[in-house]
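Below is one structure, written out as structure tokens; comments come after it.
Residue numbers (our numbering), protein chains in the order written: chain H, 805 to 1231; chain G, 382 to 683; chain D, 1107 to 1852; chain C, 202 to 408.
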């Protein structure tokens, strides 16, 4: 990566999701040089795996297109994909950042013509669909992938498949000799935007995510509802491919729970409210959605959306933390057991599918990389204690997309302050 | 010198001619085979059981358990306390747990303890553990497999863990909803565990067996039905209360619900004793009201 | 201006070479497109290909036509300094949208040829834009509002090295936060109320050499554009000074919802019934005196308090605020803790329907419970005031389902009322309107904050409920007034922690605005665009449509009532260009002519050819990418369609459609973004205006006596990858059905 | 027995909650409940509860002293600990239920004829007598607690089980005579007497 030029006036942004991309373009459009580092082979992050955003029910790719255009057209931004930050040393205005870059086995000659994908036969689980579908081992990570370049999966390196991929490429873009590189970058400030990961639903034992096929997570449900997803958006349940018209949503699956995550993950209520509209969109009046909740947290104008969903006759609300789930082995249906605490009503409700609104936890433990203050949940604490390293988006708190972008924009100013001080000092 | 020694708290139901005497017999045989020595706590008393709460209240129950632990600290120095009964284990462990976090309660407990003989004082020096914990953690599955000479081939066991061996403390590394250790033990002795036995941690209503028979028997029915549905030949359990309830009420349940239940309910220790080559008597199989014939046959084999 | 020299380049990579006769295409470029230089290349986007083009440029080529992949691909490779580039999308929208069969070959080639013609036609009409010389360069930031949001914005801007002007209408800095006893905690362990530290903030602002503070002052006139705003600051005492600034952060905060509109909760009937602001005052004065909190009515030491959540909020009926103010649950817990700190035996009950403490607020919730604050899920029906000054709260206990639950004889009742934004005048409500929204009525005053001299009104447009929030999830700082950013509770209901974050973000955007204004670059979403609208004064009929329709209020009127373009405020969407009936408005690289000539460049076969021609004008932000991705995904669509990307449907000028129909096209499709409440148009009003204009197309069609179906307007989202080709094919069938246009060959 | 019974309780005020916090095992946790109901849904005897745990907690906060203490509900607890391990707020619900039952029982408010209350009393007295449970005495005592006739009937209904236990050597027919129990019976009795005194002192209950 000798071609990466970074100075004490450079802002390094770690994480290429919505927060990181925002931070990168906002900083670059303020006239700063940026290196954007993403672990995956393309930018976009978790939001690119969402079908729609609440409360507008618009599509994440819409904003993504604009951000990518801003990014493509801006010479101040250098993007590194398949790269991970392993260590950050130094202080505000003078950081040395160790980076490990994993091989893509495809160079910049790639035109994304797709020939290698056709040549390869091996299928691998598709991470974009959380493994609910498979894809060729030479692939374009997504239709919106940036960089718009194919990836050869390491699993086929050294196999005839890899040779076939190389042979199929007319442009010498497939380079099987690529190897892992490690190098060090200089930076004045760091925006840490590594985002969140869904809480491990298997740990919530009473809900049997690890035992019952038709108990899935909210992020998986996004893929099931997306026309570009594994079921072409036809909400088919895993056990038998039957249409899931009667769907249960369990709130606080892992959140607000001393046995799991003690914080409230903020987005889950709105996410489930939104997902009832997917069921409605797909099955019309045959849809049946039930939300099991403790408190519906639809703050500020989100309240409008809550009231809109409440008005939908196909959606039921049950004030209850579900006690446990059992499976009807014959049908594969899930049966939720518990008590509606508004007036004490016991239920044993049968559903086609149960969606766990899983909580958010930071996707990376930054303490393994840098000396930074975090809260009890591992989110980066705001404040000056962190020198020139600033948390952005869900690395700093459980936030929705809009607040993540706000947070990213704010973190850019904090980074700009640092590099401007440096610039002044260096004259 | 045995390879392991423990301070042993048998509990009321393990005495001669009591409801779990067969458990006791098999535990003794099992431990002999495994070269584990149990040193009974002298003049131990009842744990009070969970049902003791109404009349006993809080402190008296803790005091009862503290007395046993204090005697153990005095007599069986440096040994972990081991119980075979879920209630005894839980009672003692809860007391240890509460007294460790509540100095007032500790003071009050010792104040009362002084009234008993042997000028006792509870210090909380010893761990309180269940026999199953000891087997899994101190010996380990591999060690437990070694002595097997008569694998219990072809017998399908529903591993019924029940409540108090499982909650709130449970066995380290096991989940409350789907603990696997009983199934592992069954595998080790060559038997076949029931996959997806969905009632393995259902409460048998033991505490209410006498006072609310119809309610507890409704629970037991679920437990047995699922065992049958999943093709089990026998039920195996680590808890004397569970064993007794699930075994002895089958007749009444059949009357009440017109079912035809007649499934043996055994202890893990009985399985191991037989697999280790012990006789039916050594395994306390003669203590089964519903005979565990398949086990007896294997035990009878040369 | 040197004479035009066009270079046209056709790539053979990615299967173009196999699927198309690229040689023939270069001929088309040369003969019909009048390209001076034409070349084929087997791999145009690689270094040699690019070098080849650069060489020609160095030798005089000043207009480049690239016949290769979509403009959305390989942008880095095909950007050349000071040279206008026309991208011809032969890959995604020609060979990948057509079946790879021999039968399809002829039509595919015709398609490609047309696009080459169009590319050359466009190249003739565009030049690489250069920034307007008149752009502003002032980099000072004006912050309106001296509360925590405004002070944070000022301080953070100053720390980045920018001069700041801070205007506060009150005699002191601090705003609402200064009236708080303590604040909700912002740090681990999120257990106890925290000092506001407002004094420290005020001190920091006051002594910062880069910040100039004007107290007792208002912004009484604001004109200009990013980089060159001119602002009158008028002090209460009279004098007005005029200052120049580059960008503005509006942080005017909120006013608590008027509790006297809640007689059912007894407000006004007894001094012991307060709103949250009233309770803060009580706590402060008690603390100042070093005394316990007492009942206002008779000074009795408080023994019991009931907090009523959502008082006049989350009201679906529309009588009160419809929204949730977000902070009130935490605030009531904090206030209950005031009492627990005074005396743990004081009964403090919080009556709520949904407890809303996101993030670490959950820790604060647990902490409140640990301190003995009691939470009751219930709906309050009424509060009765007793003779002794105490009150009885009547409510429906939702857990015990007791509709007649009563909390008797409580000393204090605190109403958690909501935040009403201080957003000035709602420019969308006509002055004589009768049905004013609650939020308007709830305001203490509805006088203008900024007093903008803009043609479209004195304040920033409001989104909903008076809040000046952005409607874009991905772009929270998009206001419709370029260079003016709102932050804090005026933008959206929020607590202190969020307001601080928001202020910092808004400050960055303001700084970004002055930096870009200084370079003559456009702001989001066409960030960096150097082109700007100009108009032929002599052709203008002063119809004012452009000044009315510009979604960003960028166009004023000069003293002779001619449009006055403030390109600093302009977002380059071209809505003005679409609106102009006399077609005098244009951009250097996008004009009525540059698109019109593409339309005319298409070779329209005669009516017996069985080969209809359909014009598709597609929004470049959503529809066009969807068409690209349809190609990538292997969806095929009619070969009779000719697509032209437009900046926004708002920029579509009627003449394009009538010209197309007159020159023999058989149908015209427009694909733009969703409009209405949940609009997705990146230029806010573009697609809405387009659909409004198109609603009038029928008359035009009648005059030409053409069928209604000759024009079809469609709303598409970027994710409609599979639907877009369907729309096209359905329309192509419809055209087959109604037959060829009678206008061919004229 | 206690002036607590005559104490006036205001609805939705904290005095009953405070009473519970002072006198009931685990009582200080009642205020931590957030009414999610996972406990109520997790109880194996759920349907038998007139007021499930989370509702009892709400009733305590609402000051419904009579309804709570006179309720049969907490007597339905089987001590299975499902509620404890699932509670997101870590309330020791099982112990609170035991504590409420014990408190109601000691105040003499618990339902007189509740079978579990009566069995629990008999069980405790049985084990206290010798320091260890005397199973035969317990079961026979149980059958005959409502008099000789019903006793005979109950015993008859249970005879199969009894015989089964006898045959398999799991019941001692002569247990009445031979049951030994602990050696230090007097010590144990003194110890328990003391414990009771201390607890009553703490809870302001006259011994």
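We put the CB at the ideal spot given by N, CA and C, even for glycine.
| query | result |
| --- | --- |
| Rounding to the nearest angstrom, what Cα-Cα distance links residue 1625 of chain D and residue 1615 of chain D in this structure? | 15 Å |
| List, in order along the chain, the chain H residues whose C-beta lies closer than 8 Å to that of residue 1739 of chain D? | 947 |
| Given this structure, state the Cα-to-Cα distance separating residue 1721 of chain D from residue 1158 of chain D, to the nearest angstrom. | 33 Å |
| Can you pull out the residues from the region 1112 to 1139 of chain H whose beta carbon lies closer than 9 Å to at least one beta carbon of chain G? | 1128, 1130, 1131, 1133 |
| Output, in chain order, the set of chain H residues within a Cβ distance shorter than 8 Å of residue 1236 of chain D. | Under the 8 Å cutoff, chain H gives no residues; its nearest Cβ is about 17 Å from residue 1236 of chain D. |
| Is the shortest distance between the beta-carbon of residue 336 of chain C and the beta-carbons of chain E less than 8 Å? | Here chain E cannot be found, since the structure's protein chains are H, G, D and C. |
| Using only alpha-carbon positions, find the residue among H:941, H:824, H:878, H:876 that is nearest to residue 929 of chain H. | H:941 |
| Give me the Cβ distance between residue 1778 of chain D and residue 1732 of chain D, rounded to the nearest whole Å; I'm assuming they're in contact under 8 Å. | Not really, about 12 Å apart at Cβ, beyond 8 Å. |
| Consult DSSP for residue 1050 of chain H and reduce its assignment to one of helix, strand or coil. | strand |
| Drop a sphere of 10 angstroms on the beta-carbon of residue 1649 of chain D, count the other beta-carbons inside from all chains shown, and report buried for 16 or more, exposed for fewer. | exposed |
| Whose Cβ in chain C lies nearer than 7 Å to the Cβ of residue 494 of chain G? | 392 |
| Please report the straight-line C-alpha distance between residue 808 of chain H and residue 1237 of chain D, rounded to a whole angstrom. | 30 Å |
| Could you work out which residues of chain H lie near residue 635 of chain G, taking near to mean beta carbons separated by less than 7 Å? | The contacting residues do not exist; residue 635 of chain G stays about 25 Å from chain H at best. |
| Taking only runs that begin and end inside the region 289 to 348 of chain C, name each unbroken beta strand (DSSP E) of 3 or more residues, in chain order. | none |
| Per DSSP, what are the beta-bridge partners of residue 1821 of chain D in this structure? | D:1778 |
| Which residues bound the beta strand (DSSP E) around residue 425 of chain G? | Segment: none, residue 425 of chain G is in no beta strand (DSSP E) and carries neither H nor E. |
| For the beta strand (DSSP E) containing residue 1128 of chain H, list its first residue and its last residue. | 1128 to 1131 |
| Assess contact between the region 1139 to 1153 of chain H and the region 1112 to 1129 of chain H, defined as three or more Cβ pairs (one per stretch) separated by less than 8 Å. Is contact present? | yes |
| Got a sec: is the Cβ-Cβ distance from residue 1190 of chain H to anything in chain D below 8 Å? | no |
| Based on the DSSP secondary-structure assignment, which residues constitute the bridge partners of residue 766 of chain H? | No information on residue 766 of chain H is available, as it lies outside the stretch 805 to 1231 that chain H covers here. |
| In the DSSP assignment, the alpha helix (DSSP H) including residue 1254 of chain D goes from what residue to what residue? | 1254 to 1265 |
| Using a beta-carbon distance below 8 Å, is residue 559 of chain G in contact with chain H? | yes |
| Rounded to the nearest angstrom, what separates residue 1349 of chain D and residue 1186 of chain D at their Cα positions? | 40 Å |
| Look at residue 1222 of chain H and residue 992 of chain H and say whether their C-beta atoms are less than 8 Å apart. | yes |
| Which first and last residues belong to the alpha helix (DSSP H) in which residue 411 of chain G is found? | 402 to 415 |
| Can you tell which of H:936, H:861, H:1146, H:831 has its C-alpha closest to the C-alpha of residue 1025 of chain H? | H:936 |
| At a CB-CB cut-off below 7 Å, which residues of chain G make contact with residue 1010 of chain H? | 558 |
| If the criterion is Cβ atoms closer than 8 Å, does the pair residue 863 of chain H and residue 1823 of chain D meet it? | yes |
| Using beta carbons (cut-off 8 Å, strictly below), is residue 303 of chain C in contact with chain D? | no |
| What would DSSP say about residue 418 of chain G, mapped onto helix, strand or coil? | strand |
| Can you grab the Cα-Cα spacing for the pair residue 666 of chain G / residue 491 of chain G, in whole Å? | 42 Å |
| Counting pairs of beta carbons, one from the region 1122 to 1135 of chain D and one from the region 398 to 407 of chain C, are three or more of them closer than 8 Å? | no |
| Under DSSP, the beta strand (DSSP E) around residue 995 of chain H begins and ends at which residues? | 993 to 996 |
| Using a threshold of 8 Å, state whether the C-beta atoms of residue 822 of chain H and residue 1205 of chain H are closer than that. | yes |
| Taking its Cβ as the centre, do 16 or more other Cβ atoms sit within 10 Å of residue 1604 of chain D, making it buried, or is it exposed? | buried |
| Give the residues of chain H in contact with residue 255 of chain C, contact being defined as C-beta atoms less than 8 Å apart. | 1143, 1145 |
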